[in-house]
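Colleague: Using UniProt numbering, the first residue of the sequence shown is number 1, and each one after it goes up by one.
Please read through the structure below; I'll follow up with questions.
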Amino acid sequence: MGAPTNTGRDAIAFPDFRLFDSAQDILDHNKRIIKEIKSNHEIQTPEALARNCCLIKELNTNVAAVMQAYQSIGDGFAQYMSQNPPPPHDTAQQGVQMFAAAQQQQQQQQQAGDIDNNTSAIGAAAAMPQAPPT
1 MGAPTNTGRD
11 AIAFPDFRLF
21 DSAQDILDHN
31 KRIIKEIKSN
41 HEIQTPEALA
51 RNCCLIKELN
61 TNVAAVMQAY
71 QSIGDGFAQY
81 MSQNPPPPHD
91 TAQQGVQMFA
101 AAQQQQQQQQ
111 QAGDIDNNTS
121 AIGAAAAMPQ
131 APPT
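If you want it as structure tokens, here you go:
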């Protein structure tokens, strides 16, 4: 059985990491083959060049195997996602709530600022000398 997901249901373990490991092993082997091909090319003896023909055939076979592994990974991922859709994220609703909270906070700050400004204006008016009544 797969490991429990965050939804509490059992799921197929994806991806099949053995395919990634297999592809990586082949790619590592290809790296060694390419180094040998380069070395043989620099030697340029008939034997080395003949060996390169075999190495290039092996390289092509390995590339096809890597392509098949990645195709299987892609197919497995598509199947996994169709059977285990991600939980819906209500990001739109969260965004609306965050926007409303920010607006409310801004209004409260403005109201507090208006009270401070009104108090300051009243205090400033009281402090101003007034002309005597005529």
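Don't be surprised by glycine CBs; every beta carbon is placed ideally from N, CA and C.
#1: Put D25 into one of helix, strand or coil per three-state DSSP.
#2: Since Q84 is in the alpha helix (DSSP H), which residue starts that stretch and which ends it?
#3: Given this structure, state the Cα-to-Cα distance separating F20 from Q71, to the nearest angstrom.
#4: Taking the straight line between their C-alpha atoms, what separation do you get for Q111 and P88?
#5: In or out: N52 buried (at least 16 other Cβ within 10 Å) or exposed?
#6: Buried or exposed for A102, going by 16 or more other Cβ atoms inside 10 Å?
#7: If you measure between the beta carbons of I37 and I56, is that distance less than 8 Å?
Modeller: With the structure as the only source:
#1: Stepping through the sequence shown from its first residue, residue 25 is reached at position 25. Three-state DSSP puts D25 in a helix.
#2: Position 84 of the sequence shown, counted from the start, is the residue given in the question as residue 84. Sequence inspection shows Asn at residue 84; the Gln mentioned does not correspond to that position. Taken as a continuous stretch (DSSP letters only), N84 belongs to no alpha helix (DSSP H), as it is neither H nor E.
#3: Position 20 of the sequence shown, counted from the first residue, corresponds to residue 20. Position 71 of the sequence shown, counted from the first residue, corresponds to residue 71. In a straight line, the C-alpha of F20 is about 11 Å away from that of Q71.
#4: Numbered from 1 along the sequence shown, position 111 holds the residue referred to as residue 111. Numbered from 1 along the sequence shown, position 88 holds the residue referred to as residue 88. Taking the straight line joining both Cα atoms gives about 38 Å.
#5: Your numbering for residue 52 matches position 52 in the sequence shown. With 16 or more Cβ atoms within 10 Å of its Cβ, N52 is classed as buried.
#6: Working through the sequence shown from its first residue, we reach residue 102 at position 102. Label assigned to A102: exposed.
#7: Taking the first residue of the sequence shown as position 1, residue 37 is located at position 37. Taking the first residue of the sequence shown as position 1, residue 56 is located at position 56. Cβ atoms of I37 and I56: closer than 8 Å.
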